[in-house]
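What follows is a short report on a single structure.
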Amino acid sequence: MQVYRGLDIGTAKPTVAERAVVPHHLVDVADPSEEWSAMRHQAAARAAVAGIEARGRRALLVGGTGLYLQAVVDDLRFPGEDPDLRAELDAWTAEPGGVAAAYDELRRRDPDAAEKVDPHNARRIVRALEVIRLTGKRFSSFGPGIDQFGPTAFPVQMVGVWVPRDVLNARIATRFAAMRDAGLVDEVLGLLDGSPLSRTASQAIGYKEIIGAITDDGSLDDAIDTAVRRTRSFARRQRMWFRRDPRITWLGATDNPCAVLPAVLATWSS
RNA sequence: GGCCGGGUAGCUCAGUCGGCAGAGCACACGCCUGAAAAGCGUGGGGUCGACGGAUCGACGCCGUCCCCGGCCA
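Quick note on my numbering: the first sequence kicks off at 19 and runs consecutively.
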């Protein structure tokens, strides 16, 4: 979400001062009305890494979105997309019994892919069918899969920071309160004056809830509360995603995660 | 004080003719290849306000009481 210009406070974007000390890439590279995607992120991030390495420097990939990280470091191939076909499939699954019918087709044309997607998950079923109909090839034939943790596309040292649950929850609540104090609501009001947010940008935690509160005349306290819960839920999914990756070295922090910095640097140097 | 409506999961509420206590959200656990800060699955949770009664059997029917909201005085 930090790729979007104007989404500063709620995405905890690095400050101008911080960026003056350490160059940050893929920050402020898209307008909030633009869509962002795993494929777009893969291309942009790999280009940034290549540029950094070409200058003899070392890239530090930071972030919590598992699919996006793997899209950069692993052999993930994203077959094309077709908006018309996508719309047709979306309409199909919106009909009564449509999701089950679509899942039947997926099971018939790509049993391996059907095995990995839940029969109720319309979004994933639609995407798999879109690829199959578009390319004529099985969805599962693209790349080794996200559960294959082989050698990375380029040398990468992966480190995860593990924080106790109660500390994490407290930090999330504190963080949102600080964002609100820093003017998050005003920032959202400013965004509402511009072009409508894209589908992807409008999902940003905090922004989505505050926009909802403003347009529906709801409670800002409730919006912040929902955003806090959604952040916890996101953190749980991050935990699930990264936990299964055997290449990650986990470092535990009891309170302040910054305490593990020396250990992170030691791992990095090796 | 009188009349009416309500009291069921942490929250908001369904519950048909009396026949095994339900949903959404929350919470916990988990899944994942162009929406991923997205999407999806599984699970734990109940003195059905309290007490008494009729009934083989009550969240439901009868009685008394308590609590909340509205209207009237």
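Using N, Cα and C, we set each Cβ at its ideal position, and we do this for glycine too.
Following the DSSP letters along the chain, one finds glycine 270 in no alpha helix (DSSP H) but inside the beta strand (DSSP E) bounded by residues 266 to 270.
When the five nearest sequence neighbours on each side are left out, the beta carbons in the same chain lying within less than 6 Å of the beta carbon of tryptophan 268 are those of Gly178 and Trp180, in order along the chain.
Shown here for histidine 42: same chain residues with a beta carbon closer than 7 Å to its own, the five before and five after excluded, namely Pro32 in chain order.
In terms of Cβ geometry, alanine 241 and isoleucine 228 form a close pair [threshold 7 Å]. Excluding residues up to 5 positions away in sequence, Leu25, Gly28 and Val206 lie with their Cβ nearer than 7 Å to the Cβ of tyrosine 225 in the same chain. Assignment of beta strand (DSSP E) within the stretch 22 to 76, counting only whole runs of 3 or more residues, yields no such run.
At the C-beta level, proline 97 and threonine 153 come within 7 Å of one another. Taking 7 Å as the cut-off, the beta carbon of isoleucine 70 is found no closer than this to the beta carbon of alanine 63. The C-beta distance from valine 45 to valine 21 rounds to 7 Å, short enough to fall under 8 Å.
The residue among Arg75, Pro162 and Gly201 with its C-alpha nearest the C-alpha of aspartate 93 is Pro162. Shortest Cα-Cα distance from lysine 155 to any of Leu124, His138 and Leu202 involves Leu124.
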